[in-house]
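Peer 1: Please see the structure below; I have some questions.
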Amino acid sequence: MKKKLALELIQQNVKICKKCNLCSTRKNAVPGEGNVNADIVFIGEAPGKNEDLHGRPFVGAAGKKLDDALENSGLARNDVYITNIVKCKPPKNRIPNYEEKTMCSNYLEHELST
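If you read the sequence shown in full-length UniProt numbering, its first letter stands for residue 1, the second for the next number, and so on.
Below is the structure:
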């Protein structure tokens, strides 16, 4: 229960984050989600257009591929934890810069250590 509450707090903080300029161009911040006791964690680089619209990681084409790979391995999305290094979609789907990665790194560190 402690892990779940800790991750919920991280998710809430991600959703209101204004540490860098990505907050001004996002529709939704995209916190990690999944099994808080998972042995397997998938970490993407940054949310894309679909993730930004829905506020959830890996819901676009990459999400479909991930779901298929999990199913082929006998796993489901709720068996793993899924997150991104950067929690907001960079404009024009560009690669996140050093500052953006640094600003989000604390969230990722907390997600992984919880």
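Each residue gets a CB set at the ideal place from its N, CA and C atoms; glycine is no exception.
Smallest Cα separation from V86: which of D39, A6, R77 and D52?
Peer 2: When each option's Cα is compared against that of V86, the closest is D52.
Peer 1: Using CA atoms only, rank isn't needed, just tell me which of F42, H54, K3 and E111 is closest to N28.
Peer 2: Ranking the options by Cα distance to N28, first place goes to H54.
Peer 1: Give me whichever residues DSSP pairs with I10 in a beta bridge.
Peer 2: Partner(s): none; I10 has no beta bridge.
Peer 1: Please confirm whether D52 has its beta-carbon closer than 8 Å to some beta-carbon of chain D.
Peer 2: Looking for chain D here will not work: only one protein chain is present.
Peer 1: Go ahead and pull the three-state DSSP assignment for G63.
Peer 2: G63: helix per DSSP, three-state reduction.
Peer 1: Answer with buried or exposed for K3, where buried requires no fewer than 16 other C-beta atoms within 10 angstroms of its C-beta.
Peer 2: With fewer than 16 Cβ atoms within 10 Å of its Cβ, K3 is classed as exposed.
Peer 1: So the beta strand (DSSP E) T25 belongs to, where does it begin and stop?
Peer 2: Element bounds for T25: n/a, residue is neither H nor E.
Peer 1: At what residue ranges does the region 37-90 contain a whole run of the beta strand (DSSP E), taking only runs of 3 or more?
Peer 2: If we require 3 residues or more, the beta strand (DSSP E) runs fully inside the region 37-90 come out as 41-44 and 81-84.
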